[in-house]
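In structure tokens:
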């Protein structure tokens with residue numbers, strides 16, 4: 314089981330030296346990967362009384378640009394988007410930028426993608442919110458073609474590539490694509506097309522049942538369920554080392570390949586406290602995950 | 010006058026160490042900026058008998074914004090300039106977000122050059138309209154400047170709708186400078202109206218004086234002060250020696266060019282750096 318950190322981007326600020334220090338600390342503590350969420354734009358909630366979730370005051374670093382920067386300043390840690398809201402982005406540009414990050418980091422990119430929930434964001438990016446579930450499968454198909462073939466000729470429902478390609482191709486051909494989402498449709502889609510499933514913050518009992526269904530769906534789709542990875546999240550900002558170990562043991566038993574450690578929402582007042590938290594966590598669980 | 014160098018795509022395409030070495034070397038030599046152009050995809054010319062473009066799917070390109078983020082990590086001071094990015098084939102809001110991120114990570118070192126491009130295959134692959142790109146680019150720049158200067162933007166245009174939302178963090182430069190390439194009459198008028206500078210792709214010996222004067226007239230006609238609008242020109246060091254190189258720069262200085270860029274060089278990264286060192290020694294006091 315591999316342990317990563319969730320980049321505490323809503324709380325870490327925007328000083329590039331601090332961002333570097335955090336990534337280098339995570340790498341030197343032995344974390345396997347650094348995961349970053351994605352929102353391109355945030356809505357102003359005044360005049361939106363029923364709004365839930367992030368707003369324009371929530372800070373997000375754009376994951377591909379951030380990973381290119383941190384890739385220059387680290388040597389081994391893997392970079393994971395979790396999740397990039399793929400249907401609100403242009404498929405071909407996303408393929409190109411992901412390939413560039415993969416090249417610049419020597420093949421250290423893993424992409425978890427999902428549908429998002431924010432219609433304001435889709436509208437601002439001029440993409441259709443309502444077709445996002447159907448579009449994402451075709452997007453993943455196009456991404457994999459672009460990452461493995463020098464020239465792609467593709468006609469789909471939403472994409473037309475007329476004998477053209479990106480260059481350079483990525484180091485990983487193709488770059489792994491995981492899918493988020495916990496609806497039944499999302500689980501079925503992940504079982505059909507993804508390299509792994511990435512459910513964000515759900516109780517272990519729910520995931521245990523869902524993983525069983527995920528594997529059934531994969532078999533039904535003619536795939537070996539063992540090929541499908543599972544990444545889950547845990548909180549290092551609260552609880553005791555005993556809680557952390559019990560939590561990890563539970564995830565291991567459920568079959569998680571990756572666990573990502575979150576420190577946001579715990580009241581930490583400085584980047585230093587986030588770094589201290591991932592150090593404490595690592596020291597507590599170290600033996601279990603080596 | 011500021012002097013920059015064109016980033017070598019082909020020689021560094023699959024080699025992050027070469028990317029870093031080139032950037033650190035030219036920063037160490039005192040150059041003011043690194044300039045990069047782009048294409049997102051290249052077309053296969055097979056079965057396209059009329060195809061005579063210089064770039065195909067065989068030509069490697071770095072993606073500028075992710076490249077610049079990487080360069081921000083390995084350099085301290087040098088400017089990062091696109092010249093150009095094909096803006097109307099990209100989503101405006103994502104571009105604004107990613108440019109702001111580069112600006113934040115580089116401490117405010119980004120300067121954007123944008124233009125319309127010529128490759129319909131690329132627009133089609135990116136699912137954007139090739140035919141209205143000239144009209145759209147102006148609204149795109151308006152939207153980007155709003156996003157870079159306001160925490161919340163409420164905008165309804167012909168091609169954009171932002172319903173009370175914003176990017177966060179904002180860039181260091183509010184707004185990030187936007188320069189534009191282009192040579193057609195309509196392009197010159199547009200650039201004179203909205204851009205922070207002009208990237209005309211001229212070299213000494215062209216009808217440079219006439220074209221720069223024509224541009225300045227268009228800037229005045231648009232009610233703007235030409236001394237506040239930059240002009241970027243190319244210099245060629247593939248031939249000649251120190252005296253010819255100095256002559257090119259003196260000509261640009263006389264014409265009021267604010268930024269000169271050494272065009273793409275031949276040879277491997279080591280050869281290119283050697284020639285850029287020679288140029289730097291030759292022009293020393295002409296650069297500021």
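Protein chains in written order, with this note's numbering: chain R, 314 to 603; chain H, 10 to 297. Just so it is clear, CB atoms sit at the ideal spot from N, CA and C, and this is done for glycine as well.
Using a Cβ-Cβ cutoff of less than 7 angstroms, which residues in the same chain neighbour residue 568(R) once the five nearest sequence positions on both sides are dropped?
Cβ neighbours of residue 568(R) beyond the five flanking positions: 524, 543.
In chain R, what lies closer than 7 angstroms to residue 66(H) by C-beta?
The answer, in chain order, is 463, 464, 477, 478, 480.
Which residues, in order along the region 135-159 of chain H, keep a beta-carbon less than 9 angstroms from a beta-carbon of chain R?
Residues of the region 135-159 of chain H with a C-beta atom less than 9 angstroms from some C-beta of chain R are 135, 136, 137, 156, listed in chain order.
Could you name the residues of chain R that residue 15(H) contacts, counting a contact when the two beta carbons are closer than 8 angstroms?
Simply none; closest approach about 18 angstroms.
Cβ distance (whole Å) where residue 426(R) is taken to contact residue 397(R) below 8 angstroms:
Between residue 397(R) and residue 426(R) the Cβ distance is about 5 angstroms, and since that is below 8 angstroms, they are a contact.
Are residue 13(H) and residue 382(R) closer than 8 angstroms when you measure CB to CB?
Cβ atoms of residue 13(H) and residue 382(R): not closer than 8 angstroms.
For chain H, check one thing: does any of its Cβ atoms lie closer than 8 angstroms to the Cβ of residue 329(R)?
True, the Cβ-Cβ gap to chain H drops below 8 angstroms.
Tell me which same chain residues have a C-beta within less than 6 angstroms of the C-beta of residue 213(H), skipping the five on either side of it?
Hits under 6 angstroms: 257, 260.
Reference residue 224(H), options 243(H), 244(H), 202(H), closest by Cα
Ranking 243(H), 244(H), 202(H) by Cα distance to residue 224(H) puts 202(H) first.
Quickly, what does DSSP pair residue 467(R) with across the bridge? List them, please.
The secondary-structure analysis by DSSP pairs residue 467(R) across a beta bridge with 474(R).
Please work out which residues of its chain come closer than 8 angstroms, Cβ to Cβ, to residue 475(R), disregarding the five sequence neighbours upstream and downstream, and give them in chain order.
466, listed in sequence order.
At least one CB of chain R closer than 8 angstroms to the CB of residue 245(H): is that the case?
So no, residue 245(H) is outside the interface.
Whose CA, out of 84(H), 65(H), 187(H), lies closest to the CA of residue 114(H)?
It is 84(H).
For the region 317-368 of chain R, list the alpha helix (DSSP H) runs that are entirely contained and at least 4 residues long, ordered along the chain.
The qualifying runs are 329-341.
Nearest to residue 278(H) by alpha carbon, out of 10(H), 11(H), 19(H)?
Checking every option, the nearest Cα to that of residue 278(H) belongs to 19(H).
Using CA coordinates, which residue listed in 502(R), 496(R), 531(R), 530(R) is at the minimum distance from residue 519(R)?
Ranking 502(R), 496(R), 531(R), 530(R) by CA distance to the CA of residue 519(R) puts 496(R) first.
In chain order, which beta strand (DSSP E) runs of at least 3 residues are fully inside the region 532-572 of chain R?
Listed in chain order, the complete beta strand (DSSP E) runs (minimum 3 residues) inside the region 532-572 of chain R are 542-548.
From the DSSP secondary-structure annotation, give me the bridge partner or partners of residue 598(R).
Residue pairing for residue 598(R): DSSP places it in no beta bridge.
So, with DSSP's three-state summary, where would you put residue 153(H)?
DSSP places residue 153(H) in helix when its eight states are reduced to three.
Using a Cβ-Cβ cutoff of less than 8 angstroms, which residues in the same chain neighbour residue 416(R) once the five nearest sequence positions on both sides are dropped?
481, 483, 484.
Would DSSP call residue 303(H) helix, strand or coil?
In the structure as shown, chain H starts at 10 and stops at 297, and residue 303(H) therefore has no counterpart that could be examined.
Looking at residue 176(H): is its Cβ nearer than 8 angstroms to the Cβ of residue 156(H)?
The answer is yes: Cβ separation under 8 angstroms.
Of the choices 102(H), 117(H), 192(H), 129(H), whose alpha-carbon is the least far from that of residue 150(H)?
When 102(H), 117(H), 192(H), 129(H) are compared, the shortest CA-CA separation from residue 150(H) is found for 102(H).
Could you have a look at residue 589(R) and say whether DSSP puts it in helix, strand or coil?
If DSSP states are grouped into helix, strand and coil, residue 589(R) belongs with the helices.
How is the alpha helix (DSSP H) around residue 284(H) delimited, first residue to last?
That run of the alpha helix (DSSP H) goes 278-292.
Run through chain R and tell me which residues come within less than 8 angstroms of residue 70(H), C-beta to C-beta.
At a C-beta separation below 8 angstroms, residue 70(H) has these neighbours in chain R: 480.
Can you name, in chain order, every residue of its own chain whose Cβ lies under 8 angstroms from the Cβ of residue 112(H), other than the five neighbours on each side?
If the five residues before and after residue 112(H) are omitted, its C-beta is found closer than 8 angstroms to the C-beta atoms of 118, 119, 180, 181, 182, 185, all from its own chain and listed in chain order.
Considering only residues of the same chain and omitting the five flanking positions on each side of residue 148(H), which have a CB-CB separation below 7 angstroms?
Same-chain partners within the cutoff: 166, 167, 168, 169.
So which residues on chain H does residue 458(R) lean against when the C-beta distance must stay under 8 angstroms?
Simply none; closest approach about 12 angstroms.
Whole angstroms are fine: how far does the CA of residue 319(R) sit from the CA of residue 576(R)?
Just so you know, the alpha carbons of residue 576(R) and residue 319(R) end up roughly 7 angstroms apart.
Using a beta-carbon distance below 8 angstroms, is residue 23(H) in contact with chain R?
Yes, because at least one Cβ of chain R sits closer than 8 angstroms to the Cβ of residue 23(H).
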